[in-house]
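Peer 1: Please read through the structure below; I'll follow up with questions.
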Amino acid sequence: MARGQRAYGKTACRIAATTAWYRRCFRHLLRKRTTRSLVRPSFEQRFNALCAADATVLAGGRKGIEKEALRVDSEGYLSHTAHPAALGSALTNAYITTDFSEALLEFITPAFSSTWEALQFLCDVQQFTYQRLGDELLWGASMPCRIPADASIPLARYGSSNVGQMKTIYRRGLGYRYGRSMQTIAGVHFNYSLPESFWPVYQRVMGADADATAFRSAQYLALIRNFRRFGWLLLYLFGASPAMCKSFGASVEMPSLNPETWFEPYGTSLRMSDLGYSNKNQSSINISLNDLDSYVRDLSEAIETPEPEFQKIGVKVDGVYRQLSINRLQIENEYYSSIRPKRVAMSGERPTAALRRGGIEYVEVRSLDISIDDPAGINQNTMRFIEAFLIYCLMEDSPHFDDAGLDETKRNQTETAKRGRDPAFRLKRGGEDVPLADWASAIVQNVQRIAEAIDAQEGCDGYLQAVRQVQHLIEKPSATPSARVLDQLQQTNSGFFDFALAVAIGHRDYFASITPLSAARDAQFADEAVESLQRQRDVEAADTISFDQYLKDYFSSANGR
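Per the numbering used here, the sequence shown runs over residues 28 to 588.
Next comes the structure, spelled out in structure tokens:
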């Protein structure tokens, strides 16, 4: 997408004064105290001050996508075949790997400044994969296909190296702790970082004297806190899992749509409810989002603190590892959250060590269902809205959570997931009941200002169109993805399984019908597959210690924080 320069209209930044005037007023707000508390700048004050300083820095953030998809056979049953060799090594391929199960593929794009480039790469890697799947399909929904008995769900395998064994044992531990079926739920992750040019401008606008790395981490944590406050909005707008196959939850308390299907009449995302991956087992683990040191400390303590329930499982039983440890978390990734602070780790570096070393580099949004309407799993409008929404989360006031505030965020997410389209549903905000549409509209009004500012730099109206689509969904709940899924199930009198299988077949046909991959892109994926197999062999050949010693050393390094 070509960048262009054009003047802002009156609805873009609404700059009411000069840059210097805004800076003076903004810094006055930062200094001013009442007898009770510090007066905190509002989103509008921060946004206007940034626009007065340099609005161009809002455009060009880096976006990457990770999409999970179950491999199923031609009849829609979970595949029990090995990860296709033509896709390379799941351990070392940069673009195609596996998640929990050998049958749960994960597609990973690099980070791009353009939403179109990221989406095109995601389409390309799935088209490449389909050409190498034979008769198998990629399941087109977040909630899984007909799942066999828990023990029959195959764990992902990564070879004989110590790191490969550790990845498989970690997954075995997840199965013992939470059940394997739950791990087959699939989603889309959206990775985002603001442009490098944004940070020095925003730090000047904020009048912050902190180290640049510390400032950036603090602001990303502010974004994350607000995402926790407002993240229910994404479940309402983009949730696409209001129903599931009865083979997945044989004893759930939920209405029955038909003999094969459980559903919530006003549900948006069962995946993100307490029935899905956002499970009750970690409800007692509280990880602070107030500052990076506290976040790393709390996460590390959870990895080092024994959990009596998991102690009953054992670690190495009859010579076979059941899990990596008996602690509350085996490793950092076990902690489930709708959004995570991230930094690219060096080889062998733990995620917490990477954050401690270099601060927060980007955020990973994990609350998106697979879009059944989009063969790629997500579309450009969704990506654009989320980008603008994340910037809003960063720039809106973001006080630290107290216990009541945390309880509200958890309740709002869970209840929106289960009945977000119910006209009688109310969110909780500061102890008060608020209609979802009212709060959503207020948020989206501010997101629109960011969208207009980005469009002004991109020379288009794509971000504004994404916001307008969202406004339509707020005004008309029946147009949301979750409502349309239920409408299609009811109109066709289909069970969830037959419906989702038809979606998967349609997606396969789509990838077969579009323009073939360019020779260069096809070679990129094919070369990566071949080279990844060699990298796995190199990793295996480089091991010089036993797995027992490797695991001991790994956890010893964690205690050196």
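Every residue, glycine too, gets a C-beta built ideally from N, C-alpha and C.
These figures come from a predicted structure and were not determined experimentally.
Once you ignore the five residues that flank T83 on each side, which residues in its own chain have a CB closer than 7 Å to its CB?
Peer 2: Walking along the sequence shown from the start, residue 83 turns up at place 56. The answer, listed in chain order, is Q484.
Peer 1: Kindly list the residues whose CB is nearer than 6 Å to the CB of A531, restricted to its own chain and excluding five residues on each side of it in sequence; keep chain order.
Peer 2: Taking the first residue of the sequence shown as position 1, residue 531 is located at position 504. Same-chain partners within the cutoff: L164, W166 and G167.
Peer 1: Which value, in whole angstroms, describes the spacing of the CA atoms of I501 and S268?
Peer 2: Along the sequence shown, read from residue 1 onward, the residue named residue 501 stands at position 474. Along the sequence shown, read from residue 1 onward, the residue named residue 268 stands at position 241. Using only the alpha carbons, I get a separation of about 18 Å.
Peer 1: Under a three-way DSSP split, which group does S545 fall into?
Peer 2: Along the sequence shown, read from residue 1 onward, the residue named residue 545 stands at position 518. Coil, per DSSP.
Peer 1: Using a threshold of 8 Å, state whether the C-beta atoms of A80 and R255 are closer than that.
Peer 2: One-based indexing of the sequence shown puts residue 80 at position 53. One-based indexing of the sequence shown puts residue 255 at position 228. Not closer than 8 Å, so no.
Peer 1: For W143, count the other beta carbons within 10 Å of its own beta carbon; 16 or more makes it buried, fewer makes it exposed. Which is it?
Peer 2: Start at 1 with the first residue of the sequence shown, and residue 143 comes out as number 116. The residue is exposed, with fewer than 16 neighbouring Cβ atoms inside 10 Å.
Peer 1: Compute the beta-carbon to beta-carbon distance between V215 and L77, rounded to the nearest angstrom, for a pair I have assumed lies under 8 Å.
Peer 2: In the sequence shown, residue 215 corresponds to position 188, counting from 1. In the sequence shown, residue 77 corresponds to position 50, counting from 1. Not really, about 29 Å apart at Cβ, beyond 8 Å.
Peer 1: Just the Cα atoms here: how many angstroms apart are E459 and G191?
Peer 2: For the purposes of this step, residue 459 is identified with residue 432 of the sequence shown, where counting begins at 1. For the purposes of this step, residue 191 is identified with residue 164 of the sequence shown, where counting begins at 1. If you take the alpha carbons of E459 and G191, they lie about 49 Å apart.
Peer 1: Assuming F242 and F552 are in contact, meaning their beta carbons sit under 8 Å apart, how far apart are those beta carbons, in whole angstroms?
Peer 2: The residue labelled residue 242 in the question sits at position 215 within the sequence shown. The residue labelled residue 552 in the question sits at position 525 within the sequence shown. The pair is not a contact, with the Cβ atoms about 39 Å apart (cut-off 8 Å).
Peer 1: Let me check understanding here. Comparing Cα to Cα, which of H107, L201, N406 and D570 lies closest to S188?
Peer 2: Here the question's residue 188 lines up with position 161 in the sequence shown. Comparing Cα positions, the closest option is D570.
Peer 1: Quick check: the segment 307-323 against the segment 412-419, are there 3 or more CB pairs under 8 Å?
Peer 2: No, because fewer than three Cβ pairs between the segment 307-323 and the segment 412-419 fall closer than 8 Å, the two stretches do not touch.
Peer 1: Does the beta-carbon distance from L131 to T211 come in below 8 Å?
Peer 2: By one-based count along the sequence shown, residue 131 stands at place 104. By one-based count along the sequence shown, residue 211 stands at place 184. Yes, these two residues count as a Cβ contact at 8 Å.
Peer 1: Looking at the structure shown, is R58 part of a helix, part of a strand, or coil, going by DSSP?
Peer 2: For the purposes of this step, residue 58 is taken as residue 31 along the sequence shown, with counting starting at 1. The predicted position of R58 is uncertain, since its pLDDT is 47 and thus under 50; a value taken from the coordinates is nonetheless stated next. In this structure, R58 counts as helix in the three-state DSSP scheme.
Peer 1: Classify S169 as buried or exposed, calling it buried when 16 or more other Cβ atoms lie within 10 Å of its own Cβ.
Peer 2: The residue labelled residue 169 in the question sits at position 142 within the sequence shown. With 16 or more other Cβ atoms within 10 Å, it is buried.
Peer 1: Alpha carbons only, please: which of S244, S310 and Y322 is nearest the one belonging to G385?
Peer 2: Here residue 385 refers to the residue found at position 358 of the sequence shown. Nearest of S244, S310 and Y322 to G385, Cα basis: S244.
Peer 1: Residues in its own chain within less than 8 Å of V557 by CB, not counting five upstream and five downstream?
Peer 2: Residue mapping note: residue 557 aligns to position 530 of the sequence shown, counting from 1. Within the same chain, V557 has close Cβ partners G115.
Peer 1: Between V390 and R367, how many whole angstroms is the CB-CB distance? I'm expecting something under 8 Å.
Peer 2: Position 363 of the sequence shown, counted from the start, is the residue given in the question as residue 390. Position 340 of the sequence shown, counted from the start, is the residue given in the question as residue 367. That belief holds up - the Cβ atoms of V390 and R367 are roughly 7 Å apart, short of 8 Å.
Peer 1: If I measure Cβ to Cβ from A464 and keep anything under 6 Å in the same chain, skipping five residues before and after, which residues do I get?
Peer 2: Locating residue 464 in the sequence shown gives position 437, counting from the first residue. For A464, where only same-chain residues beyond five positions count, the Cβ hits under 6 Å are I501.
Peer 1: Run through DSSP, which three-state label would Y203 get?
Peer 2: Sequence index remark: in the sequence shown, residue 203 carries index 176 (1-based). Looking at Y203 - three-state DSSP - the assignment turns out to be helix.
Peer 1: How many angstroms separate the CA atom of S509 from the CA atom of A527?
Peer 2: Mapped onto the sequence shown, residue 509 falls at position 482. Mapped onto the sequence shown, residue 527 falls at position 500. Rounded to whole angstroms, S509 to A527 spans 13 Å at the Cα level.
Peer 1: Consult DSSP for A96 and reduce its assignment to one of helix, strand or coil.
Peer 2: Numbered from its first residue, the sequence shown carries residue 96 at position 69. Three-state result, A96: strand.
Peer 1: Quick check: what's the CA-CA separation for M281 versus E291?
Peer 2: Residue 281 sits at position 254 when you count from the first residue of the sequence shown. Residue 291 sits at position 264 when you count from the first residue of the sequence shown. Cα to Cα, the separation comes out at about 7 Å.
Peer 1: DSSP on F265, reduced to helix/strand/coil?
Peer 2: Here residue 265 refers to the residue found at position 238 of the sequence shown. DSSP places F265 in helix when its eight states are reduced to three.
Peer 1: Do the CB positions of L97 and P175 come within less than 8 Å of each other?
Peer 2: Residue numbering aside, residue 97 sits at position 70 when the sequence shown is read from its first letter. Residue numbering aside, residue 175 sits at position 148 when the sequence shown is read from its first letter. No. Outside cutoff.
Peer 1: Between the Cα of Q72 and those of D424, T295 and D565, spot the shortest distance and give me the residue it belongs to.
Peer 2: In the sequence shown, residue 72 corresponds to position 45, counting from 1. Here the closest residue by C-alpha is D424.
Peer 1: Quick one: using the 10 Å Cβ neighbour count with 16 as the cut-off for buried, is H534 buried or exposed?
Peer 2: For the purposes of this step, residue 534 is identified with residue 507 of the sequence shown, where counting begins at 1. Classification for H534: buried.
Peer 1: Roughly how many whole angstroms lie between the Cα atoms of A444 and F265?
Peer 2: Against the sequence shown, residue 444 aligns to sequence position 417. Against the sequence shown, residue 265 aligns to sequence position 238. Using only the alpha carbons, I get a separation of about 11 Å.
Peer 1: Among the residues of its own chain, which have a CB less than 7 Å from the CB of A546, if the five just before and after it don't count?
Peer 2: Indexing the sequence shown from 1 puts residue 546 at position 519. For A546, where only same-chain residues beyond five positions count, there are no Cβ hits under 7 Å.
Peer 1: Could you tell me if P333 is buried or exposed, where buried requires 16 or more neighbouring beta carbons within 10 angstroms of its beta carbon?
Peer 2: Here residue 333 corresponds to residue number 306 of the sequence shown, with the count starting at 1. So P333 counts as exposed.
Peer 1: In the DSSP assignment, find the beta strand (DSSP E) that holds F257 and state where it starts and stops.
Peer 2: Residue 257 sits at position 230 when you count from the first residue of the sequence shown. First-last for F257: A239 to F257, but that is the alpha helix (DSSP H), not the beta strand (DSSP E).
Peer 1: Which residue marks the beginning of the beta strand (DSSP E) containing L131, and which one marks its end?
Peer 2: Along the sequence shown, one-based indexing puts residue 131 at 104. First-last of the beta strand (DSSP E) with L131: L131 to I135.
Peer 1: Among the residues of its own chain, which have a CB less than 7 Å from the CB of Q496, if the five just before and after it don't count?
Peer 2: For the purposes of this step, residue 496 is identified with residue 469 of the sequence shown, where counting begins at 1. If we look at Q496 and ignore the five residues flanking it on each side, its Cβ neighbours are N408.
Peer 1: Bridge partners of T288, per DSSP?
Peer 2: To locate residue 288, count along the sequence shown from 1; it is residue 261. Answer is C272 and N285.
Peer 1: Which runs of the beta strand (DSSP E) spanning at least 3 residues fall entirely within the segment 337-372, listed in chain order?
Peer 2: Whole beta strand (DSSP E) segments, 3+ residues: 366-369.
Peer 1: With distance defined between alpha-carbon atoms, name the residue in R173, Y122 and A112 nearest to R184.
Peer 2: Counting from one through the sequence shown, the residue named residue 184 turns up at place 157. Residue A112 is the option with its Cα nearest to R184.
Peer 1: Which value, in whole angstroms, describes the spacing of the CA atoms of S208 and D488?
Peer 2: Mapped onto the sequence shown, residue 208 falls at position 181. Mapped onto the sequence shown, residue 488 falls at position 461. C-alpha separation (whole angstroms): 42 Å.
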